[in-house]
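In my numbering, the protein residues as written are 1175 to 1607.
C-beta atoms are modelled at their ideal positions from N, C-alpha and C, and glycine is treated no differently.
Every value quoted in this text rests on a predicted model; they were computed, and no experiment measured them.
The structure appears below as structure tokens.
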Amino acid sequence: MNPRLWSLLTASILLSLQSASADSGDLSPAQPRIADHSFNLAAFGAVGDGKTSNTKIFAAAIGAVKKAGGGTLVVPAGAFLTGPIELCSGINLHLDPGARIEFSDKVADYASSDLRHHAQIAVNALHDVMISGAGTIDGHGEAWWDAARARRDPVTGRQFNGTTSRPPMLVCTHSQRLRVEGVTLVNSAGLNFGLTECEDATIEGITIHNPPDSPNTDGIDPKGAQRVLISHCRIDTGDDCIAAGGSRTMVERDILITDCTFLHGHGCSIGSGTAGGVFNMTVRRCTFDGTETGVRLKSARGRGGLVENVIYEDLTMVNVGRAVSINSHYEGTTTDNAGIEHVAAAPVTEQTPRWRHIVVRNLTAKAGTVDAGLILGLPEMPVEDIVLEHVTIEAPKGLQIGYAYRVALRDVVINAKEGPPIIIADTVTAVTR
């Protein structure tokens, strides 16, 4: 064979192999750097009886870590009652097996001008922070749930008269190089884990559990965050299992959610606030069992922004309410109930929801209570470039599509018990099958 031809053929084969093996969804956030110093909470006089307050003990121990230039603070086995904790840069808060951080349920312990933002564990404008180990963090949120439920419609889940002020469990803001691994978060008063305008965060192998009727207890909410990896987590909660979304001041980009299990909750979501924009998010190899929705992209006029280049792939769903929802008509309800009827157009603004280049592929779902799905844009801003590929859904009713432009349905099988499998409104243009 001609040497040049052989060289070209070899290069072509190598390129094909590389393309086949490469995973475009891989993401490797920068990891925290922790100094080689170790401190034990017990050495500072901590009492793990679940009754004695250790708020000052935690503050003293964290102060010692900070003074040393960073290190690992070990929480030994025992139940350590405390008020809010503020971490420092360069710390690894490590929970040994059998260790429990039990947060106080007394409102006075979280006194703040805005209680909702006074987190039980605060990571504010820090760098190089870890929370690790096999222990449990308990927010004792039941003290706040009844008041929150009283402001919620029991049928739709819509919140009215605002929500109650409750401390979120773990909130990281304006911070870099974060890692949370192994720990279990239970009974948050509200949000379990917030990542607001942070960079390089890894959340791996954690468990989040709240009762399914605990209100507004989102699992993990990255907002305006960049380079976030969420992997091998188990999330069972009373609101969105994950809810990504751009903050008003920082774009959200490069999010990978992989090999996670979602139980009770409202699914793996984007929105409802997307004002800063969301770009390059992948959800892959995840299992949904009992969520109200699976794939959920939600926003509304006045809350939206551009969401672009999003992939949901290799998903399995059972006992979900609705398998797929892309909806620009979110009204604050636990499920998206809008149909595909005609609505009046409104002026386009910077906060008009825009969804484009969204792919859902390799999905198998059994939707037991609502329908296969809803894809619904706005008359002034249709959803654009939507691809459903290798999708099989068994559901009471079919898939509805309205106000959309360029929708590709490739190997899509909808087994609807009632009505047509796919309903495409006259507001949809450029559909390919």
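Alpha carbon of residue i to alpha carbon of residue j, nearest angstrom
{"i": "glycine 1243", "j": "lysine 1225", "result": "31 angstroms"}
{"i": "arginine 1408", "j": "threonine 1246", "result": "25 angstroms"}
{"i": "glutamine 1525", "j": "glycine 1237", "result": "43 angstroms"}
{"i": "methionine 1304", "j": "serine 1443", "result": "25 angstroms"}
{"i": "aspartate 1414", "j": "glycine 1393", "result": "6 angstroms"}
{"i": "valine 1517", "j": "proline 1553", "result": "7 angstroms"}
{"i": "histidine 1268", "j": "proline 1206", "result": "14 angstroms"}
{"i": "glycine 1272", "j": "isoleucine 1231", "result": "19 angstroms"}
{"i": "leucine 1369", "j": "aspartate 1395", "result": "6 angstroms"}
{"i": "glycine 1450", "j": "serine 1202", "result": "23 angstroms"}
{"i": "serine 1421", "j": "glycine 1222", "result": "39 angstroms"}
{"i": "lysine 1397", "j": "leucine 1403", "result": "13 angstroms"}
{"i": "alanine 1234", "j": "lysine 1240", "result": "10 angstroms"}
{"i": "tryptophan 1319", "j": "aspartate 1283", "result": "17 angstroms"}
{"i": "glycine 1356", "j": "isoleucine 1567", "result": "33 angstroms"}
{"i": "threonine 1432", "j": "glycine 1441", "result": "14 angstroms"}
{"i": "asparagine 1361", "j": "leucine 1437", "result": "15 angstroms"}
{"i": "arginine 1325", "j": "serine 1339", "result": "12 angstroms"}
{"i": "glycine 1542", "j": "asparagine 1589", "result": "12 angstroms"}
{"i": "glutamate 1592", "j": "cysteine 1372", "result": "46 angstroms"}
{"i": "arginine 1607", "j": "aspartate 1210", "result": "58 angstroms"}
{"i": "lysine 1540", "j": "leucine 1480", "result": "30 angstroms"}
Supposed contact pair residue j and residue i - C-beta distance, whole angstroms, cut 8 angstroms
{"i": "asparagine 1366", "j": "leucine 1352", "result": "Not confirmed; about 15 angstroms, so no contact."}
{"i": "tryptophan 1529", "j": "valine 1557", "result": "4 angstroms"}
{"i": "asparagine 1501", "j": "leucine 1537", "result": "The Cβ separation is near 17 angstroms, so there is no contact."}
{"i": "glycine 1309", "j": "aspartate 1270", "result": "6 angstroms"}
Local Cβ density within 10 Å of residue i, reported as buried at 16 or more and exposed below that
{"i": "leucine 1191", "result": "Below a pLDDT of 50, predicted positions are generally treated as unreliable, and leucine 1191, at 31, falls in that range; no measurement from the model is reported."}
{"i": "glycine 1476", "result": "exposed"}
{"i": "valine 1469", "result": "buried"}
{"i": "alanine 1520", "result": "exposed"}
{"i": "proline 1341", "result": "buried"}
{"i": "threonine 1523", "result": "exposed"}
{"i": "glycine 1571", "result": "Note that residue 1571 is lysine in the sequence shown here, rather than glycine. That one is buried."}
Cross-strand partners of residue i (DSSP beta bridge)
{"i": "proline 1396", "result": "Leu1369"}
{"i": "glutamine 1574", "result": "Leu1548, Ile1597"}
{"i": "glycine 1419", "result": "Lys1397"}
{"i": "phenylalanine 1453", "result": "Arg1427, Glu1482"}
{"i": "tyrosine 1579", "result": "Glu1558, Thr1603"}
{"i": "serine 1212", "result": "Thr1246"}
{"i": "serine 1499", "result": "Arg1470, Leu1548"}
{"i": "isoleucine 1588", "result": "Ile1567"}
{"i": "leucine 1403", "result": "Thr1376, Leu1430"}
{"i": "aspartate 1463", "result": "Val1492"}
{"i": "aspartate 1312", "result": "Glu1276, Val1360"}
8 angstroms Cβ cutoff, residue i in contact with chain B
{"i": "isoleucine 1208", "result": "Absent from the structure is chain B; it holds one protein chain and no more."}
Segment limits, beta strand (DSSP E) that includes residue i
{"i": "glutamate 1355", "result": "1350 to 1355"}
{"i": "serine 1443", "result": "1442 to 1444"}
{"i": "threonine 1448", "result": "No beta strand (DSSP E) holds threonine 1448; DSSP gives it neither H nor E."}
{"i": "leucine 1267", "result": "1265 to 1269"}
{"i": "methionine 1304", "result": "1301 to 1307"}
{"i": "phenylalanine 1642", "result": "Because the chain is modelled from 1175 through 1607, residue 1642 falls outside the range shown and cannot be assessed."}
{"i": "arginine 1408", "result": "1408 to 1410"}
Enclosing alpha helix (DSSP H) for residue i [first to last residue]
{"i": "aspartate 1320", "result": "1316 to 1323"}
{"i": "threonine 1229", "result": "1229 to 1241"}
Any non-hydrogen atom of the ligand NAD closer than 7 angstroms to residue i Cβ
{"i": "leucine 1430", "result": "This structure simply doesn't include the ligand NAD, nor any ligand for that matter."}
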